[in-house]
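In what follows, a single structure is set out as structure tokens and then discussed.
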Amino acid sequence: MTTDIRSQLARQLLEKIAAAQAQNDEIDALKTRLRELGVAGSFTERFPDLGTVEVKAAKAASFKGLMPTLVPELFLAMTEAERTALQESGVVTMSEQWGNPFHGSITPKLLAASA
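Note that the numbering used here has the sequence shown beginning at 122, numbered continuously upward.
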């Protein structure tokens with residue numbers, strides 16, 4: 122592929138993205154408003170002639186438990202006997218593990234166009 126073709130394709134891509142930017146901004150604003158309405162709880166809006174929009178409520182991070190955390194460099198440098206004493210030596214410490222928070226989601230699903 123020549124650099125002219127590559128450049129032409131890249132330019133066309135950028136032009137199409139630029140042309141769609143205003144609509145994409147409007148879509149993002151609508152999603153933001155729907156997320157705000159989803160604070161009260163998840164919901165689904167159905168339109169028989171068009172599709173559905175599912176809004177899932179955000180949720181905070183959740184505590185998953187304590188997991189051992191070790192310093193890999195120190196662990197790899199230790200003998201087998203030293204590895205059995207990891208907690209006493211301070212190489213392994215217990216740390217809290219948390220799941221990532223979920224900020225909600227919007228899932229638009231268009232019906233397939235009839236042929």
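Idealized CB from N, CA, C, for every residue including glycine.
Nothing here was measured: the structure is a model prediction, and the numbers come from that model.
Should residue i be labelled buried (16 or more other beta-carbon atoms within 10 Å of its own) or exposed?
| i | result |
| --- | --- |
| VAL160 | exposed |
| VAL176 | buried |
| ALA236 | Any reading at ALA236 must be qualified, since the residue scores a pLDDT of 44, below 50, and its modelled position is unreliable; no value is offered. |
| VAL192 | exposed |
| LYS137 | exposed |
| SER210 | exposed |
Residues in its own chain within less than 6 Å of residue i by CB, not counting five upstream and five downstream?
| i | result |
| --- | --- |
| GLN133 | none |
| ARG156 | GLY225 |
If you drop the 5 nearest sequence neighbours on each side, which residues of the same chain put their C-beta closer than 7 Å to that of residue i?
| i | result |
| --- | --- |
| MET188 | SER216, GLN218 |
| THR237 | Since the first and last residues shown for the chain are 122 and 236, residue 237 lies out of range. |
| THR214 | THR190 |
Inspect the beta-carbon positions of residue i and residue j and report whether they are closer than 8 Å.
| i | j | result |
| --- | --- | --- |
| ALA179 | GLY220 | no |
| PHE223 | VAL212 | no |
DSSP state of residue i, grouped into three classes?
| i | result |
| --- | --- |
| SER235 | With a pLDDT of only 46 at SER235, under 50, the local geometry of the prediction cannot be trusted, and no value is derived from it. |
| GLY172 | strand |
| SER128 | helix |
Excluding sequence positions up to five away, which residues of its chain have a Cβ less than 8 Å from the Cβ of residue i?
| i | result |
| --- | --- |
| GLY162 | ALA178 |
| LYS152 | ILE227 |
Quiz item: Which parts of the stretch 154–199 are runs of the alpha helix (DSSP H), unbroken and 4 residues or longer, counting only runs that do not cross its ends?
Solution: 193–198
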